[in-house]
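Shown next, in structure tokens, is the structure this report addresses.
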Amino acid sequence: MDLSPSSCLGRYLEIEGLLHEFYHYFNYCAAVCIPNLLRLSQGNPVTACCKDRYYQVYDLDHPSFDLLRDQRETLYGAPKDQKAASGVSLCEYHTRTGCTLLSHKSPVCLSFMCRPAIDALRTQYGIYTYDYLGFNYALEWILTGDMAEKDWLDFRESIDEMLRRVKTARA
Ligand code: SF4
Ligand code: SF4
């Protein structure tokens with residue numbers, strides 16, 4: 163089944179919504195990593211893992227990626243127009259309080275989890291399935307329409323399962 167770029171983007175945004183909810187409950191970055199870094203920097207802005215213009219470095223040359231970027235810039239402005247940029251990261255969407263994008267992030271931004279975060283997922287929630295590169299490629303394939311229908315259903319179910327686990331653990 164060939165999906166149009168807007169249908170692919172629709173699927174991608176559906177997964178992004180699930181992942182945002184997952185990160186909300188997991189809450190390792192905001193509750194552990196960033197406060198630690200802010201203590202070390204004595205309150206000055208920190209980049210954590212948002213050190214580069216990853217949206218530019220890793221996004222693919224593909225109509226669905228173009229659509230993602232167009233919608234992002236309509237909603238949040240182009241990189242050059244970001245007024246609240248922290249100044250400590252090359253990424254213009256990085257502010258003193260983190261990423262300004264509430265949606266329409268690039269696959270690399272959406273999927274990245276560092277080793278300590280992955281370790282926390284394992285030890286605190288028993289989730290062993292999170293593979294950053296695998297998630298990154300899966301998100302790219304969803305956007306380009308290269309993910310087979312069955313894999314799309316399995317992938318969505320695997321995220322639902324991760325979400326159920328973190329929600330249950332924090333209930
Ligand atoms: S992914 Fe890792 S480095 Fe980035 S904010 Fe989360 S804990 Fe910090
Ligand atoms: S777009 Fe957001 S998540 Fe991606 S590097 Fe920039 S600040 Fe970080």
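Residue numbers (this note's numbering): 163 to 333. Glycine included, each C-beta is placed from N, C-alpha and C at the ideal position. In this text the structure is predicted, and so the values were computed from the model without any measurement.
Sub-8 Å separation of residue i and residue j beta-carbons
{"i": "leucine 171", "j": "serine 226", "result": "yes"}
{"i": "tryptophan 314", "j": "isoleucine 321", "result": "no"}
{"i": "phenylalanine 274", "j": "tyrosine 299", "result": "no"}
{"i": "glycine 307", "j": "aspartate 214", "result": "no"}
{"i": "valine 250", "j": "proline 197", "result": "no"}
{"i": "arginine 234", "j": "histidine 256", "result": "no"}
{"i": "tyrosine 187", "j": "arginine 318", "result": "no"}
{"i": "serine 268", "j": "tyrosine 217", "result": "yes"}
Residues that DSSP places opposite residue i in a beta bridge
{"i": "threonine 257", "result": "Ala247, Gly260"}
Heavy atom of ligand 1 within 7 Å of residue i beta-carbon
{"i": "cysteine 191", "result": "yes"}
{"i": "cysteine 156", "result": "Residue numbering for the chain in the displayed model covers 163 to 333; residue 156 lies beyond these limits and cannot be assessed."}
{"i": "isoleucine 196", "result": "yes"}
{"i": "alanine 210", "result": "yes"}
{"i": "alanine 279", "result": "yes"}
Distance cut-off 7 Å: residue i Cβ against heavy atoms of ligand 2
{"i": "cysteine 276", "result": "no"}
{"i": "cysteine 261", "result": "yes"}
{"i": "tyrosine 217", "result": "yes"}
{"i": "leucine 267", "result": "This sequence places lysine at residue 267; leucine is not what is there. Yes."}
{"i": "histidine 256", "result": "yes"}
{"i": "cysteine 170", "result": "no"}
**Asked** Quick one: complete alpha helix (DSSP H) runs, 4+ long, within the segment 165-247?
**Response** Runs found: 167-188, 196-202, 216-220, 225-238.
**Asked** Are the segment 225-243 and the segment 199-212 in contact at 8 Å, needing three or more beta carbon pairs?
**Response** Short answer: they don't touch.
**Item:** Given 8 Å, three or more beta-carbon pairs between the segment 242-251 and the segment 276-291
**Value:** Fewer than three beta-carbon pairs drawn from the segment 242-251 and the segment 276-291 are found closer than 8 Å, and the two stretches are therefore not classed as touching.
**Item:** Whole alpha helix (DSSP H) elements within the segment 291-319, 4-residue minimum
**Value:** List check, alpha helix (DSSP H) in window: 294-306.
**Request:** Count the CB pairs spanning the segment 323-331 and the segment 177-185 that are closer than 8 Å, and state whether there are at least three.
**Result:** Segments in contact, yes.
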